[in-house]
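Step one of this worksheet: look at the structure below.
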Amino acid sequence: MPLFDLRKKIENRSAKLAVIGLGYVGLPVAALFAKKGFRVVGVDIKQDRVDLINSGISPIEGKEPGLAELISEVAESGAFHATTDYKELSDAEVVLIDVETPVNADHIPEYQALRSAVKSLASILKNGVLVIVESTVMPGTVSNVILPILEEETGMVCNKDFYLGNCPERVMPGKLLHNLRKMSRVAGGGTRETAELMADLYSIVVEADVDTADWITAEIVKTAENTYRDVQIAFANEVALICEALGADVWRVRELVRKSPGREMLLPGAGVGGHCIPKDPWLLASSVRESDVPVRLIPAAREINSGMPDHIFNLLKNQMEDLNKKRILILGYAYLSDSDDARNSPSEELVKLIKNTGANIVIHDPFIKKYSGDMIEKAEHCDAVILMTAHSEYESIDLKQLKRVMQTPFIIDGRNILDRKHVINAGFELVRLGDTSRGEE
Ligand SMILES: NC(=O)c1ccc[n+]([C@@H]2O[C@H](COP(=O)([O-])OP(=O)(O)OC[C@H]3O[C@@H](n4cnc5c(N)ncnc54)[C@H](O)[C@@H]3O)[C@@H](O)[C@H]2O)c1
97 MPLFDLRKKI
107 ENRSAKLAVI
117 GLGYVGLPVA
127 ALFAKKGFRV
137 VGVDIKQDRV
147 DLINSGISPI
157 EGKEPGLAEL
167 ISEVAESGAF
177 HATTDYKELS
187 DAEVVLIDVE
197 TPVNADHIPE
207 YQALRSAVKS
217 LASILKNGVL
227 VIVESTVMPG
237 TVSNVILPIL
247 EEETGMVCNK
257 DFYLGNCPER
267 VMPGKLLHNL
277 RKMSRVAGGG
287 TRETAELMAD
297 LYSIVVEADV
307 DTADWITAEI
317 VKTAENTYRD
327 VQIAFANEVA
337 LICEALGADV
347 WRVRELVRKS
357 PGREMLLPGA
367 GVGGHCIPKD
377 PWLLASSVRE
387 SDVPVRLIPA
397 AREINSGMPD
407 HIFNLLKNQM
417 EDLNKKRILI
427 LGYAYLSDSD
437 DARNSPSEEL
447 VKLIKNTGAN
457 IVIHDPFIKK
467 YSGDMIEKAE
477 HCDAVILMTA
487 HSEYESIDLK
497 QLKRVMQTPF
507 IIDGRNILDR
517 KHVINAGFEL
527 VRLGDTSRGE
537 E
């Protein structure tokens, strides 16, 4: 099908859309296009996920405004249907790819899911289909990995028999639908015509700019924007460590730095997690690993941020030299506030470190089933509470009750969500990340 005909089908919503990978990104994307009038089929390798979705239930827990209702609506109306069978994608005219794209222990892209998804797609790809990679990939991946698989496995030629592009997602757990609708996008196409058609498609769901580009630009923009964030957080964390060494309060320092024009300083914290920020900088850095570009800043930022759980562990050890048999409560296991997403969670790293000491670890997280429950009950006989995730529930902890049940009233606040005066007045010893001041100005 020529692009002109596909454009018409997209405009009148008669094009059938397919989404490969129904995770944090693919599921809301599929549901939103279905809501806009497209027939959408989503494929995932996880049968339980597919079954839940087809029964109208969102498998994503945590606060995700509007998502559960939207899934239920589009599944019930039949506009959106999930499957594990790629054959159901064989009449799709637009295919979006949203599978995970992690890096391995050497920080090199691990494309098992991506390659497998593209191969499965190639086995049913028909003439005239527009394939869009939404996953975040190492710059160069569309040209060097995806395009060759599609052409070699199908015998078809890109820009003639099928069309290919990269339009990275900018969602974030907790704001999935909001970001899908409100965040601008970069539509990177194999040709200008493909990019323009992609922009028209996304403009149906995106209420912000959809800029056109070539696909290498789109790939670099996505990995660079997440790398930017990682580097900025690393800067804040480094200043936090400096403040601790100098007897200062990074939270006050930050407040005052931000009064200087153009000096935005992000929040320091107990660590960076999630599927994206810990690996997207490596995707960007890996893209030039065979050239002589000296990539120095990106690994340094990664080292600082991935070292923050170790730092929290050291704060604990400074307080209690012998952790053997001590009981430690960790508040928050998800990497992000009010989310259930625990991928690459800093708490996971902290748990590994504490486990080696012989201490007993108790974990509370209101959004993760196996760690949910009554926080105060979990705090019983604890010698320390470590606040790792800024879940809103933790802002209003009943300090009186907490003190009553704990063995030793000691708190480490890794996210600065507790009011220092309240905590101290309630009789706790408090260690705040980035703050060794005496709390006076
Ligand atoms: N999570 C985020 O906040 C976010 C934001 C922007 C971009 N991204 C990017 O989007 C992509 C997807 O991320 P995610 O968070 O949705 O991941 P996810 O792990 O939540 O979802 C991926 C889904 O793909 C499925 N899958 C794996 N292999 C498959 C295959 N061969 N065929 C069909 N399905 C398959 C998995 O079962 C899983 O359900 C990644 O590249 C990520 O970097 C994620």
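Note that the numbering used here numbers the sequence shown so that position 348 is 444, with each residue one more than the last.
Here a beta-carbon is modelled for each residue, glycine too, at the ideal position from N, C-alpha and C.
{"query": "Per-residue burial, G158 [other beta carbons within 10 Å of its own, 16 or more giving buried]", "result": "buried"}
{"query": "Euclidean distance between Cα positions of I149 and V170", "result": "10 Å"}
{"query": "Coarse secondary structure for C263, derived from DSSP in three states", "result": "coil"}
{"query": "Proximity to M502 [Cα-Cα], best of K278, E445, E476", "result": "E476"}
{"query": "Terminal residues of the alpha helix (DSSP H) in which G122 lies", "result": "122-131"}
{"query": "Presumed contact (8 Å Cβ cut-off) between V282 and A314, rounded CB distance", "result": "5 Å"}
{"query": "H477 Cβ short of 7 Å to ligand 1 heavy atom set", "result": "no"}
{"query": "Whether R439 touches G365 by CB criterion (8 Å)", "result": "no"}
{"query": "Length of the line joining the Cα atoms of A560 and V306", "result": "Residue 560 lies beyond the stretch modelled for the chain, which goes from 97 to 537, so this question has no answer here."}
{"query": "With 16 other Cβ atoms within 10 Å as the buried cut-off, status of V227", "result": "buried"}
{"query": "Residues sharing a beta bridge with R308, DSSP", "result": "Position check: residue 308 holds Thr in this sequence, whereas Arg was assumed. A283."}
{"query": "Bridge partner(s) assigned by DSSP for S435", "result": "G158"}
{"query": "Beta-carbon proximity check, Y120 vs P264, cutoff 8 Å", "result": "no"}
{"query": "Minimum length 4: unbroken alpha helix (DSSP H) runs contained in the segment 338-368", "result": "346-353"}
{"query": "Contact set for S151: own chain, Cβ-Cβ below 6 Å, skip 5 residues either direction", "result": "none"}
{"query": "Local conformation of F176 per DSSP, three classes", "result": "strand"}
{"query": "Nearest-angstrom Cα separation, counted from D194 out to V447", "result": "30 Å"}
{"query": "C339 versus G286 - alpha carbon distance", "result": "49 Å"}
{"query": "Buried or exposed by the 16-neighbour rule on C-beta atoms within 10 Å, applied to L342", "result": "exposed"}
{"query": "Contact set for I220: own chain, Cβ-Cβ below 7 Å, skip 5 residues either direction", "result": "Y182, K183, L185, S186"}
{"query": "Nearest-angstrom Cα separation, counted from L411 out to E445", "result": "15 Å"}
{"query": "Helix, strand or coil at N420 [DSSP, three-state]", "result": "coil"}
{"query": "Inter-stretch contact (C-beta, 8 Å, three-pair minimum) for the segment 125-142 and the segment 316-331", "result": "no"}
{"query": "Residue of K318, L449, A480 minimising C-alpha distance to N262", "result": "K318"}
{"query": "Distance cut-off 7 Å: V121 Cβ against heavy atoms of ligand 1", "result": "yes"}
{"query": "DSSP bridge partner residues for S205 (one or two, in chain order)", "result": "Sequence check: residue 205 is Pro here, not Ser. Per DSSP, V199."}
{"query": "Beta-carbon spacing of H487, S441 below 8 Å", "result": "no"}
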